[in-house]
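> Shown below is the structure under consideration.
There are 2 protein chains.
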Amino acid sequence: MHWKIIGILASIIVTSGFIPQIIKGVKTKRLDDVSPGMYTFLLFGMALWISYGVHIKDTIIIAANIAGFTLSLTVLCLRFKYKKRRKNQ
Amino acid sequence: MHWKIIGILASIIVTSGFIPQIIKGVKTKRLDDVSPGMYTFLLFGMALWISYGVHIKDTIIIAANIAGFTLSLTVLCLRFKYKKRRKNQ
Numbered sequence: 180m181h182w183k184i185i186g187i188l189a190s191i192i193v194t195s196g197f198i199p200q201i202i203k204g205v206k207t208k209r210l211d212d213v214s215p216g217m218y219t220f221l222l223f224g225m226a227l228w229i230s231y232g233v234h235i236k237d238t239i240i241i242a243a244n245i246a247g248f249t250l251s252l253t254v255l256c257l258r259f260k261y262k263k264r265r266k267n268q
Numbered sequence: 180m181h182w183k184i185i186g187i188l189a190s191i192i193v194t195s196g197f198i199p200q201i202i203k204g205v206k207t208k209r210l211d212d213v214s215p216g217m218y219t220f221l222l223f224g225m226a227l228w229i230s231y232g233v234h235i236k237d238t239i240i241i242a243a244n245i246a247g248f249t250l251s252l253t254v255l256c257l258r259f260k261y262k263k264r265r266k267n268q
């Protein structure tokens, strides 16, 4: 049980990592240095993790990867939104 | 076995995601928009994942997180290196 909590904590910390990235982006209105390739890999990988989690019926894997997928998609969308906006100015 | 391969593939894809970010950074010599907070969370979370993997003796968790930890640390170091270099110019 003790180690299960470590696993859950690890998932929460890694997934929370996207939040400071989103905050930084929203504040500076710029995410040009962020690699779209990286976030494309993450989206594919996390989608696979979700299907794996569903198959082995692991709620932690499913929840962590749905959260991670949503946050990654947010970073990617903000990146293109800010880039496009600056181009049009 | 088929689903184990999906899990391994998911780990490899997510971990590989850092590579396009490193390549982008090395090419542009700029990673200012990348959040150091995000990578600090990732380093802590992945260190926990490694200890969890060691405890449950799961080679995939250990390998994926050692690779992820090393690549994240690379992104974080490059970010500060390029920022410092530009400041000194």
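From first to last, the protein sequence lines are chains A and B. Take any residue in the first sequence, count from 1 to its spot, add 179: that is its number in the numbering used here. Take any residue in the second sequence, count from 1 to its spot, add 179: that is its number in the numbering used here. Backbone N, C-alpha and C fix where the C-beta goes; we use that ideal spot for every residue, glycine too.
#1: When you compare only the Cα positions, how much space is there between W182 of chain A and W228 of chain B?
#2: Between the segment 193-206 of chain A and the segment 220-235 of chain B, can you find at least three pairs of beta-carbon atoms closer than 8 Å?
#3: Does any heavy atom of the ligand NAP sit closer than 6 Å to the C-beta of I185 of chain B?
#4: Helix, strand or coil: how does DSSP classify Q200 of chain B here?
#5: Taking Cβ-Cβ distances shorter than 8 Å, what residues in chain A pair up with Q268 of chain B?
#6: Could you pull out every residue in the same chain whose Cβ sits closer than 8 Å to the Cβ of R264 of chain A, ignoring the five residues on either side in sequence?
#7: What would DSSP say about L252 of chain B, mapped onto helix, strand or coil?
#8: Name, please, each residue of chain B whose Cβ falls closer than 7 Å to the Cβ of V233 of chain A.
#9: According to the neighbour-count rule (16 or more other Cβ atoms, all chains shown, within 10 Å of its Cβ), is N244 of chain B buried or exposed?
#10: Taking the alpha-carbon positions, what's the V205 of chain B to D211 of chain A distance?
#11: Any beta carbon of chain B sitting closer than 7 Å to that of A242 of chain A?
#12: Tell me, to the nearest whole angstrom, how far the beta carbon of L255 of chain B is from that of P215 of chain B; I am working on the premise that it is less than 8 Å.
#13: Let me know if I240 of chain B comes out buried or exposed under the rule of 16 or more other beta-carbons within 10 Å of its beta-carbon.
#14: If you count every other CB in all the chains shown that lies within 10 Å of the CB of V213 of chain B, and 16 or more means buried, which is it?
#15: For L210 of chain A, does the three-state DSSP call read helix, strand or coil?
The relevant details are as follows:
#1: 10 Å
#2: yes
#3: Although the ligand NAP was asked about, the structure shown includes no ligands whatsoever.
#4: helix
#5: Chain A residues near Q268 of chain B: none, gap ~18 Å exceeds 8 Å.
#6: K208
#7: helix
#8: By Cβ distance, chain B contributes nothing, its closest Cβ being about 10 Å from V233 of chain A, past 7 Å.
#9: buried
#10: 14 Å
#11: no
#12: 6 Å
#13: buried
#14: buried
#15: coil
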